[in-house]
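Trainee:
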Amino acid sequence: MVPASPTECLKRLIEGNERFVANTRSAETAISHFRRSELATNQNPSAVVLGCSDSRVPAEIVFDQRLGELFVIRVAGNIVAPSQLASVEFAAQTWGIGLVVVLGHSQCGAVSATLDDLTPDRPEAPQSLNSIISRIRPVVVPLVELGNALPRDTLMRAAVRANIRASVDAIQRGTPLLEKMVTSGEMLVVGAEYDLVTGAVEVMHALRQRSTTSPPVSKT
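Quick note on my numbering: the sequence shown kicks off at 6 and runs consecutively.
#1: Ser58 and Val80 - do their beta-carbons sit closer together than 8 Å?
#2: According to DSSP, is Leu18 helix, strand or coil?
#3: Between the region 141-155 and the region 168-185, do three or more beta carbon pairs fall short of 8 Å?
#4: Is it buried or exposed, Arg127, if we count other Cβ atoms within 10 angstroms and call 16 or more buried?
#5: Mind listing, in chain order, the continuous alpha helix (DSSP H) runs of no fewer than 4 residues lying wholly within the region 132-186?
#6: Could you spell out the range, first to last residue, of the alpha helix (DSSP H) harbouring Ile66?
#7: Using the rule of at least 16 other Cβ atoms within 10 Å of the residue's Cβ for burial, across every protein chain shown, is Phe25 buried or exposed?
#8: Would you mind listing the beta strand (DSSP E) stretches within the region 91-120 that are 3+ residues and don't spill past its ends, in chain order?
#9: In the DSSP assignment, the beta strand (DSSP E) including Arg79 goes from what residue to what residue?
#10: Using the rule of at least 16 other Cβ atoms within 10 Å of the residue's Cβ for burial, across every protein chain shown, is Phe39 buried or exposed?
#11: Give a yes or no on contact between the region 108-122 and the region 86-100, applying the rule of three or more CB pairs nearer than 8 Å.
#12: Which residues in the same chain have their Cβ closer than 7 Å to the Cβ of Pro8, if we skip the five residues on either side of it in sequence?
#13: May I ask you to report which of helix, strand or coil DSSP gives Val202?
#14: Buried or exposed, going by whether 16 or more other CB atoms sit within 10 Å of the CB of Leu104?
#15: Classify Glu207 as helix, strand or coil using the three-state DSSP reduction.
#16: Buried or exposed for Asn47, going by 16 or more other Cβ atoms inside 10 Å?
#17: Bridge partners of Val53, per DSSP?
#18: Quick check: what's the CA-CA separation for Lys185 versus Val107?
#19: From Val202 to Glu129, what does the alpha carbon distance come to, in whole angstroms?
#20: Work out the CA separation of Gln98 and Glu191 for me, nearest whole Å.
#21: Per the DSSP calculation, Ala35 is bridged to which residue(s)?
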């Protein structure tokens, strides 16, 4: 069987999310637990999803996918650090995965904490949380500086989407292998936002070219 292209894989995920929003499931997903024995010895996922750790956004359910279909990386704020890059590269090398979806979501707690941290007279965030905030801060600082008069929910939406875009860019140029795959068209990296209320996923963009304006990925 010829492997599905990144675009075809993305289409499947979009269709799966449409089923999720409609409160339906595919027959294959409903009986995927019967594949446990098969998957115990082998897996061949078709896409990588880098998502937030938020308990309300499980990628397999949101996209109505079977066991073994998605290689999922979850971290608060769907940030990109060396360990996330290594996981994406591992998936690309091991299974030839050509689709990476950065899945952020509305009302992201990590993004909200970053906005709070930039608010004067707010208590300083715990040191452990700074390891996440420090990766989101460069993206949202310009929004805060430009949007002091904006309602919090408007600023929050813009910050969530900016953070998703930053993670997409960080993956595209994160390692020589990933950058080569993106440039050649072997890999498609897209940003998407999940709406906690409706359950719908909006695919934001599919950037293929390296950005020259975003900050470099931290090596720590």
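Each residue gets a CB set at the ideal place from its N, CA and C atoms; glycine is no exception.
Mentor: Reading from the atomic positions:
#1: yes
#2: helix
#3: yes
#4: exposed
#5: 132-151, 157-177
#6: 64-67
#7: buried
#8: Listed in chain order, they are 104-110.
#9: 75-79
#10: exposed
#11: no
#12: Gly101
#13: coil
#14: buried
#15: strand
#16: exposed
#17: Phe76, Val105
#18: 19 Å
#19: As the crow flies, the alpha-carbon of Val202 is around 30 Å from that of Glu129.
#20: Between Glu191 and Gln98, the C-alpha separation is close to 12 Å.
#21: For Ala35, which the question treats as bridged, DSSP gives no partner whatsoever.
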